[in-house]
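Enquirer:
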Amino acid sequence: TGEVYNGPNAWRREESPMAGAATLGDFAAAGTALQVLVDDDRRLWAHKSCFAFDEEVVCLGSDIRSDDPRPVRTYLHTLPAARTLEGGGNWLYDGTLGVVVADGATWKQETVTYNDRDWVQTFVEHGARPGGATYRFAYLPMTSRSRTQSYAQAPDFEVLVQTVAAHGVRDRSSQATGVVFFEATEQAAGHAASGPAHLLYIAQGDRVHSLALYNPSPTTTTLTITVPLAPMPILVSRMQAHPWVTSVQAGAGSLTFTAQVPRFGSLVWLQRPPDLSKSYKIVSRPDARVGETVTYTVVVRNSGDPFTDTMRLTDTLPSGLRLVAGSCHLRADGADLLGALACTGSRITWQGVLSSSTVLTLTYRARVDEERPAVLRNTVVVESSPVGVLSRSATMIVNAYRIVLPLILKQSLMANGRGLYS
36 TGEVYNGPNA
46 WRREESPMAG
56 AATLGDFAAA
66 GTALQVLVDD
76 DRRLWAHKSC
86 FAFDEEVVCL
96 GSDIRSDDPR
106 PVRTYLHTLP
116 AARTLEGGGN
126 WLYDGTLGVV
136 VADGATWKQE
146 TVTYNDRDWV
156 QTFVEHGARP
166 GGATYRFAYL
176 PMTSRSRTQS
186 YAQAPDFEVL
196 VQTVAAHGVR
206 DRSSQATGVV
216 FFEATEQAAG
226 HAASGPAHLL
236 YIAQGDRVHS
246 LALYNPSPTT
256 TTLTITVPLA
266 PMPILVSRMQ
276 AHPWVTSVQA
286 GAGSLTFTAQ
296 VPRFGSLVWL
306 QRPPDLSKSY
316 KIVSRPDARV
326 GETVTYTVVV
336 RNSGDPFTDT
346 MRLTDTLPSG
356 LRLVAGSCHL
366 RADGADLLGA
376 LACTGSRITW
386 QGVLSSSTVL
396 TLTYRARVDE
406 ERPAVLRNTV
416 VVESSPVGVL
426 SRSATMIVNA
436 YRIVLPLILK
446 QSLMANGRGL
456 YS
């Protein structure tokens, strides 16, 4: 706090050795190793980062130090004093912007005057001459008061690491993770970097499909990065094809790569991989008896990018069901694909590249041959890179026992004489 330094050395006031950001679409991982001259011989240091995800911008601070006697603060928000500011112990809301302080600290406020106008400033206090202070908060743009309060109770992000060497945050809903490396480290919650860097990646399940890397150094730098998740094959192939990348090692649960990145240069591999999570299988009725016929429907729905590799679909009927000849039909967004479909015995198979269609629909009829009471589970398996193996099942009860309960009607004469009731 206090006046901005304007002495003879003001021209070199900003001495920060590192700053920048990695971006993937609308997401970003930004950070700076702040070093500011606050007097002729006094400085302020801080490692600061912000991670922009789908709903929030998460900001971390560490290694906040100062050799100046004035108090050090991290300002959260400034707004005209005429605006309404609401808040609780760890949140505040100004009508459109929510702020959640997530590390147990209490925010404070003060009114100041600039250009004959009053302003309210909110901040977190670190005290005079801090020796390694930290902060942790999240901005919620264009949100509501109720959402700010609920988010304060259950934030959607997880801080993976917040040390002098690195900051890392994972957003649960989008499965995006950002890491800012302020120096070389192998101790960043499974992540590692051979030097200062900004890393951002997005996973689907337990595999990475998109990744970005930024070199904040003013010189071309060879960076080796480790991520504690396995990559999708599509990401590996695209990384290997990039001229800056010299090595890619994809393990069962990790990814390590080396790249020679120009000064202030970025590597970006952004893709929306094929996503079959909304696929399903249903049967026309939940129960049937021997000799009856039911219809199965399998819908393979892709909500991601088109497939480039061969897809294999296998549907094997369980014992007790018999495929009705000529009943198999396969369509992809309305186009017949009968030529690629094989229905023989108790097995249905299809393979092809689903490059332009997003919905594959298979229907067929099956006759119940099982004579005893049983539960028949019918499963379809879809295999394709980079999705892997997907299975969907439909369950039906056959020949269920029927229980007949006697119904006894008792007639009574109503007191008001209107008649009998049972």
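Heads up: the sequence shown runs through residues 36 to 457, numbered per the numbering used here. Note that beta-carbon positions come from the ideal geometry of N, C-alpha and C, so glycine has one too.
1) With distances taken Cα to Cα, identify the nearest neighbour of P309 among K83, L79, V422 and L127.
2) Does the segment 103-117 come within contact of the segment 144-157, defined as at least 3 CB pairs closer than 8 angstroms?
3) Quick one: Cα of R437 to Cα of I443, how far?
4) Helix, strand or coil for T183? Go by DSSP, reduced to three states.
5) What does a CB cutoff of less than 7 angstroms around T27 pick up in its chain, not counting 5 residues either side in sequence?
6) Beta-carbon within less than 6 angstroms of E193's beta-carbon, same chain only, minus the 5 sequence neighbours each way: which residues are those?
7) Report yes if the C-beta distance between L79 and E49 is below 9 angstroms; otherwise report no.
8) Can you tell me where the beta strand (DSSP E) with S420 in it begins and where it stops?
9) Would you identify the three-state DSSP class for L442, choosing helix, strand or coil?
10) Could you name the residues that DSSP lists as bridge partners for C378?
11) How far does the alpha helix (DSSP H) with M177 in it reach, from first residue to last?
12) Measuring only between beta-carbons, confirm whether V204 sits less than 9 angstroms from chain D.
13) Which whole runs of the beta strand (DSSP E) in the segment 186-270 are 3 residues long or more, in chain order?
14) Do the CB positions of L246 and V303 come within less than 9 angstroms of each other?
15) Could you name the residues that DSSP lists as bridge partners for V359?
16) What separation, rounded to the nearest whole angstrom, lies between the Cα atoms of G459 and S179?
17) I'd like to know whether the C-beta atoms of A219 and V135 end up nearer to each other than 9 angstroms.
18) Less than 8 angstroms between the CB atoms is what I'm expecting for G288 and L264, so what's the real figure, rounded?
19) Is it the case that the Cβ atoms of P341 and T396 are separated by a distance below 9 angstroms?
20) Quick one: which unbroken beta strand (DSSP E) runs of 3-plus residues sit fully inside the segment 94-149? Chain order, please.
21) Please report the residue range of the beta strand (DSSP E) in which T291 lies.
22) Can you tell me which residues form a DSSP beta bridge with W80?
23) Could you tell me which of A360, S428, A375 and H364 sits nearest to R402, measuring between CA atoms?
24) Can you check whether the CB of K316 is closer than 9 angstroms to the CB of A429?
25) So T109 packs on Y170, CB below 8 angstroms; how close in whole Å?
26) From Q70, A140 and E90, pick the residue whose C-alpha is nearest to that of A211; which is it?
Expert: Reading it off the structure:
1) V422
2) yes
3) 19 angstroms
4) helix
5) The question about residue 27 has no answer here: the residues shown for the chain are numbered 36 through 457.
6) R205
7) no
8) No beta strand (DSSP E) holds S420; DSSP gives it neither H nor E.
9) coil
10) I383
11) Taken as a continuous stretch (DSSP letters only), M177 belongs to no alpha helix (DSSP H), as it is neither H nor E.
12) The chain inventory of the structure shown lacks chain D, comprising one protein chain alone.
13) 192-197, 201-206, 211-216, 220-223, 226-228, 232-239, 242-249 and 256-262
14) yes
15) For V359, which the question treats as bridged, DSSP gives no partner whatsoever.
16) Residue 459 is absent from the model: the chain starts at 36 and stops at 457.
17) no
18) 7 angstroms
19) no
20) 106-115, 126-128, 133-136 and 143-149
21) L290 to V296
22) Q70 and R100
23) A360
24) yes
25) 5 angstroms
26) E90
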